[in-house]
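All remarks here apply to the structure that follows.
Protein chains: 2
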Amino acid sequence: MLTVQVDTPGGHYPIHIGAGRLALLAHSVPADATSVVVVTNTTVGGLYGDAVCTTLGATGKPVLRVELPDGEQYKTWDSLNLIFDAMLAHALDRHAVLVALGGGVVGDVCGFAAACYMRGIRFIQVPTTLLAQVDSSVGGKTAINHPRGKNMIGAFYQPQAVEIDPQVLSTLPAREISAGLAEVIKHGMIADADFFVWCEQHVAALRALDEDAVLHAVRRSCEIKSWVVSQDERESGLRTTLNFGHTFGHAIESGLGYGQWLHGEAVGCGMVMAAELSVRVLGLDRSVADRIRDLVMAIGCPVQAPDLGVQRWLDLMRVDKKNQGRHIRYVLLPQLGRAQVQAVDDDTVRPLLAPARV
Amino acid sequence: MLTVQVDTPGGHYPIHIGAGRLALLAHSVPADATSVVVVTNTTVGGLYGDAVCTTLGATGKPVLRVELPDGEQYKTWDSLNLIFDAMLAHALDRHAVLVALGGGVVGDVCGFAAACYMRGIRFIQVPTTLLAQVDSSVGGKTAINHPRGKNMIGAFYQPQAVEIDPQVLSTLPAREISAGLAEVIKHGMIADADFFVWCEQHVAALRALDEDAVLHAVRRSCEIKSWVVSQDERESGLRTTLNFGHTFGHAIESGLGYGQWLHGEAVGCGMVMAAELSVRVLGLDRSVADRIRDLVMAIGCPVQAPDLGVQRWLDLMRVDKKNQGRHIRYVLLPQLGRAQVQAVDDDTVRPLLAPARV
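Top to bottom, those sequences are chains F and Y.
Quick note on the working numbering: the first sequence kicks off at 71 and runs consecutively.
Quick note on the working numbering: the second sequence kicks off at 71 and runs consecutively.
Listed below in structure tokens is the structure:
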């Protein structure tokens with residue numbers, strides 16, 4: 071088992087990475103917990119829910135199970151309230167511990183429920199998708215969506231621990247592996263050129279879920295993310311660079327309707343667009359932008375921006391949380407392995423948003 | 071102007087207390103704020119909304135006004151969403167600043183909105199009821215209610231500043247003055263016997279809103295509360311003592327339906343009950359319990375517990391956030407000016423809950 075430590079003002083906790091972690095979850099439950107609530111979705115619950123609840127029952131504590139409908143479109147107040155309703159119906163106190171068993175949606179909703187239930191209780195992240203293992207389960211961002219924008223309502227709230235079992239990826243559809251790899255290669259682009267090169271060299275092994283390759287990719291992603299988050303928990307500076315590709319990506323998700331493209335797919339395409347913008351605004355080497363496009367394509371994500379209409383693209387990007395005042399702010403690359411935040415005027419961006427670019 | 075400083079891990083901020091503070095609000099808005107959102111209710115908005123928005127407009131920043139319906143029964147997700155909808159419709163960024171202009175409900179809902187909007191933005195408390203000035207605006211507790219319990223969904227989230235203008239109390243109904251005084255005298259009971267004596271001596275001046283008396287009561291309450299909160303922001307110990315009278319009080323509010331009794335009235339009666347329980351469990355001097363009953367009556371709050379049915383009383387108190395496991399925990403007084411938390415078995419409590427006690 072590997073351990074990556076996260077140290078933020080909001081909490082210090084370990085990320086445990088290793089095959090078989092799922093069967094050892096009971097060890098992560100604090101001794102003074104009065105009950106355990108497993109929050110999952112209908113898909114993951116069907117695969118791992120019974121085993122996890124049985125394992126956690128070994129603590130001798132009452133185990134409650136809450137299943138949310140599966141999909142980004144259910145990242146809502148209604149799902150959040152399913153958790154609150156169940157916990158309050160069982161009169162669970164503030165020493166209950168939540169376990170988020172699922173992908174990014176389950177982790178974000180369950181984490182936000184933990185942040186709000188009786189003003190904050192403890193929770194453990196057990197990410198079951200590659201995307202959640204390398205990105206969303208680490209760093210304490212929790213949220214639900216609002217009809218006008220993704221992740222608009224939420225909290226920075228750190229878990230007690232993150233338990234990553236790469237074995238669960240075997241039941242994941244290939245499309246979700248591709249989407250998860252988008253966030254993996256992002257960490258190379260913004261913070262570690264050597265890791266980007268390693269990804270270029272191991273893309274086939276990664277897509278085939280080669281055990282060693284996946285372990286390295288998950289660990290290096292967690293290390294980079296935890297390093298960033300430990301320096302800037304509340305995203306006042308450095309952490310914003312983790313949003314590389316996300317300004318465009320969020321617009322795609324919101325513009326097409328949540329659930330049409332997977333988050334990682336939208337980010338993959340968004341990174342190609344952000345690299346192109348980096349060439350125009352910061353003089354990023356054209357060959358780097360081409361390698362980024364090639365790698366996004368190689369992991370199996372789309373590289374062609376959908377036609378949302380130029381003005382709608384801009385309107386959608388203007389509600390991004392990074393923005394301050396009038397200009398839209400983008401994460402751009404001055405070179406491979408380095409990122410910075412920069413406001414760019416709409417006229418410079420428009421050509422990238424026109425349909426039928428190839 | 072008086073200043074009381076609050077220092078918690080979650081934030082350091084001043085409480086400014088002085089006649090005319092309402093007209094000086096523009097000074098409290100941070101220079102880098104991109105917009106100001108005044109959250110108020112229909113009652114307070116009608117009295118002070120225009121003046122406050124005009125004052126804040128002097129900052130040169132856009133000012134948005136959101137009016138919530140007035141009453142504890144509107145401390146809900148729907149009210150919270152009115153704020154989110156308005157802010158997102160105007161595409162406000164995370165450098166917007168919220169101003170909570172109203173009583174405890176407005177402060178709690180607006181504070182929770184600030185805690186959640188884009189994972190946390192800044193806000194200023196401008197309490198306009200005595201209860202909010204001496205209690206709820208200080209210390210960073212924010213929340214909404216759930217059908218199964220009061221303040222079940224919320225966050226610990228500190229404001230940038232608390233601005234208290236005692237002049238606004240002149241428009242407050244006498245019943246709300248009485249309710250606010252319940253929290254004032256509570257601070258004496260749990261932490262400062264001298265202040266309790268001062269309250270006994272100045273109860274007429276306080277009810278008549280004598281300027282010097284009110285200023286002293288507000289300041290001393292803020293000092294005691296900020297001292298407690300600075301030592302225990304998240305209520306793991308000392309802060310719980312601020313809940314003296316609240317276990318019974320919350321059951322009254324919830325059992326009769328929110329809005330029947332004012333929060334302060336329920337707490338007033340709850341303190342009489344908790345003092346009686348203190349006599350039985352901790353041997354509190356009978357004369358102290360009698361003085362507490364007399365003072366609660368003198369400020370104009372009820373001292374006779376409503377008939378909810380004994381079992382329903384216990385069921386309602388069992389969902390209290392203080393509880394751990396089976397026993398209900400109460401804040402009790404070993405002597406005047408000192409409080410402690412103690413689990414008490416139901417059999418000891420039942421006699422206090424039977425109807426027709428005098």
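Note that CB positions come from ideal geometry on N, CA and C, so glycine has one too.
What F:L158 touches in chain Y, judged by beta-carbon distance under 9 Å, is H216, P217, R218, G219, M222 and V389, going in chain order.
Annotation: Cβ neighbours of F:K211 in chain Y (cutoff 9 Å, chain order): R189. Taking one beta carbon from each stretch, the segment 271–280 of chain Y and the segment 353–369 of chain Y have 3 or more pairs nearer than 8 Å; the two touch. Sequence-distant partners of Y:V254 (beyond 5 residues in either direction) whose C-beta falls short of 7 Å from its own C-beta, in its chain, are V204, C269, A287 and S291. Taking CB atoms only, F:N393 has a neighbour in chain Y less than 8 Å away. A buried status is given to Y:R192, since no fewer than 16 other beta-carbon atoms sit within 10 Å of its beta-carbon.
Assigned with DSSP and collapsed to three states, Y:Q230 falls in coil, not helix or strand. Apart from the 5 residues on each side of it in sequence, Y:Y400 sits with its Cβ closer than 7 Å to the Cβ of T317, A344, L347, Q412 and V414 in its chain, given in chain order.
Nearest Cα to Y:L406 within the set Y:D360, Y:S98 and Y:T113: Y:D360. Under the criterion of beta carbons closer than 8 Å, F:R189 and Y:A225 qualify as touching, at roughly 6 Å. Between the alpha carbons of F:G219 and Y:L162 lies a gap of roughly 12 Å.
Between Y:Q237 and the set Y:G209, Y:P84 and Y:R91, the nearest pair of CA atoms involves Y:R91. Collapsing the DSSP output to three states places F:D264 in a helix.
Within the same chain, Q228 come within 6 Å of F:G81 by CB-CB distance, once the 5 residues on both sides are set aside. Assigned with DSSP and collapsed to three states, Y:M259 falls in helix.
In terms of Cβ geometry, Y:E335 and Y:A249 form a close pair [threshold 8 Å]. Y:I214 is positioned such that its CB atom lies no closer than 8 Å to that of Y:D262. Look at Y:E246 here: in three-state DSSP terms it is helix. Contact annotation for Y:W147 against chain F: W147 [CB-CB distance below 7 Å, chain order]. In this structure, F:Q410 is the residue among F:K391, F:Q374, F:Q410 and F:N313 with its C-alpha nearest to the C-alpha of F:V351. Annotated three-state conformation of Y:P197 is strand, per DSSP. In this chain, the alpha helix (DSSP H) harbouring Y:N151 covers W147 to A159.
At the C-beta level, Y:G181 and Y:T199 stay beyond 8 Å of one another.
The segment 271–327 of chain Y contains, as complete alpha helix (DSSP H) runs of 4+ residues, the segments 281–301 and 316–326 (chain order). Using a Cβ-Cβ distance cut-off of 8 Å, the segment 90–107 of chain Y and the segment 164–179 of chain Y are in contact, since at least three pairs of beta carbons, one from each stretch, lie closer than that value. For Y:S300, the CB contacts under 8 Å within the same chain, skipping 5 residues up- and downstream, are V76, D77 and T78 in chain order.
Apart from sequence neighbours up to five positions away, the residues of its chain that approach F:A96 with a beta-carbon distance below 8 Å are T125, L126, A128 and T129, ordered along the chain. Checking the DSSP bridge columns, you'll see F:N111 partnered with F:L138. Listed in chain order, the alpha helix (DSSP H) runs fully inside the segment 333–385 of chain F are 333–352 and 356–368, counting runs of at least 4 residues. About 5 Å separates the beta carbons of Y:S207 and Y:G177, which is inside the 8 Å limit, making them a contact pair. Its Cα nearest to that of Y:A89, the residue Y:L285 stands out among Y:A184, Y:Y144 and Y:L285. Bounds of the beta strand (DSSP E) holding F:T73 are L72 to T78.
Taking Y:F314 as reference, the option from Y:G340, Y:R388 and Y:Q374 with the minimal CA-CA separation is Y:G340. Between the alpha carbons of Y:H272 and Y:I247 lies a distance of about 14 Å. In the DSSP assignment, F:P132 falls outside any alpha helix (DSSP H), carrying neither H nor E. Between the beta-carbon of F:R388 and that of F:V373 there is about 24 Å, and that puts the pair past the 8 Å contact cut.
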